[in-house]
Amino acid sequence: MSVLYERVALIGLGLIAGSMSLAMRRAGLAGEIVGTARSAETRAVAREIGLVDRVTETIPEAVEGADLVVLAVPVGAMGEVAAAMSAHLKPGATVTDVGSVKRAVIEAVAPHIPEGVHFVPAHPIAGTEHSGPRSGFAELFRNRWCLIVPLEGTDPAAVARLRALWEGMGSRVDEMDAAHHDLVLAVTSHAPHLIAYTMVGVADDLRRVTDSEVIKYSAAGFRDFTRIAASDPTMWRDVFLTNKDATLEILGRFTEELFALQRAIRLGDGQHLFDYFTRTREIRRGIIEAGQDTAAPDFGRGAVTS
Ligand code: NAP
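Quick note, my numbering runs 562 ahead of the 1-based positions in the sequence shown.
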């Protein structure tokens, strides 16, 4: 594949930035990959394992001369990072981000984008519960969707080039507006994470009385919750603080349905439960048919890393 950006700067060197570096390198999509992170420790690890071609101490040094700048920090840190890079961007460069929430990131970053620089927000729908500079892998984006959220009036060539980058890293790409993105992700990712955090929290309380039986006899359902609930606390705190409205809307719906199921159990309404579970099973089948998961036992996790 041909080089799409001569120099790429990654701000943040965690799971997503690290995976992007490895995927871009493997596909030959970038001339040089430069990166920086907040802590000296992360920068040292990135240097040690050769995660990028060059690690810089500061954000201005990293974005100097870069054709593409990727903001890969927690959503709550996007604004301060954008402010730090703003005066050092190359004219004609593209700035993108990988944040899990789009409206709040656009509000925080757009005011810092100078005239003549393109800002094209994006969100790869791919992740694991791991974080940090050692957690990335080149396959993370393969067959996963990346949503690009172009702002009105953005140069179509800048959008097309970013699309080509994500496709080159193995993703399928769709475009969507920011408000719709935040609602879709509240349903498919943010609310489920909150439910998993809650379920594991409840079980953690139980454990005190049942002497670690929860862990010992943890069945597949609970094990899956614990995997999700092990996700990075900073990232997820920021997701809920910044995608507040959509998450609350979905949680309202969730609570209503939970009450309806609770009522069906209390009244012994088996038909209600059976119909409900039949409908949810269809959704699972749809996800498998769309190639977004596997029907293998334990979700095929023995074979797949994400
Ligand atoms: P991560 O592994 O925790 O990495 C975050 C990186 O950001 C770290 O290198 C951290 O540096 C750096 N950082 C944090 N605050 C900073 C600041 N103020 N200035 C400079 N660097 C800073 O996180 P991740 O999973 O890659 O997530 C990055 C972004 O991708 C988030 O916006 C998240 O919403 C989004 N995303 C995540 C997933 C997922 O499943 N994980 C999926 C899609 C999108 P230190 O190590 O030095 O603290």
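C-beta: ideal position from N, C-alpha, C; glycine also. Here the structure is a predicted model, which is why all the values come from computation and not from measurement.
Which residues DSSP lists as bridging residue 680, in chain order: 656
In terms of residues, what are the limits of the beta strand (DSSP E) holding residue 873? The structure shown does not extend to residue 873, since the chain is modelled only from 563 through 868, so no value can be given for it.
Is residue 801 helix, strand or coil by DSSP? helix
Run the CB neighbour count on residue 852, radius 10 Å, all protein chains shown included, and call it buried at 16 or more, exposed below. exposed
Per DSSP, cross-strand counterpart(s) of residue 598: 573
From this set, 661, 723, 754, 847, which residue's C-alpha is nearest residue 568's C-alpha? 723
Cβ of residue 712 versus every heavy atom of the ligand NAP: is any distance shorter than 7 Å? no
Residues of its chain near residue 846, where Cβ-Cβ distance is below 6 Å and the 5 sequence neighbours each way are ignored: none
Using only CA atoms, which one of 687, 821, 698 lies nearest to residue 733? 687
Rank 832, 705, 601, 719 by C-alpha distance to the C-alpha of residue 656 and give the top, closest one. 719
Using the C-alpha atoms, what's the distance from residue 624 back to residue 591? 18 Å
Enumerate in chain order the residues of its own chain whose CB-to-CB distance from residue 866 is below 8 Å, with the five nearest sequence positions on each side excluded. Confidence is the limiting factor: at residue 866 the pLDDT is only 37, short of 50, which leaves the residue's position unreliable and the question unanswerable from this model.
Determine the DSSP secondary structure at residue 838, reduced to helix, strand or coil. helix
Kindly indicate which residue of 765, 798, 821 has the alpha-carbon position closest to the one of residue 783. Cα-wise, what sits closest to residue 783 is 765.
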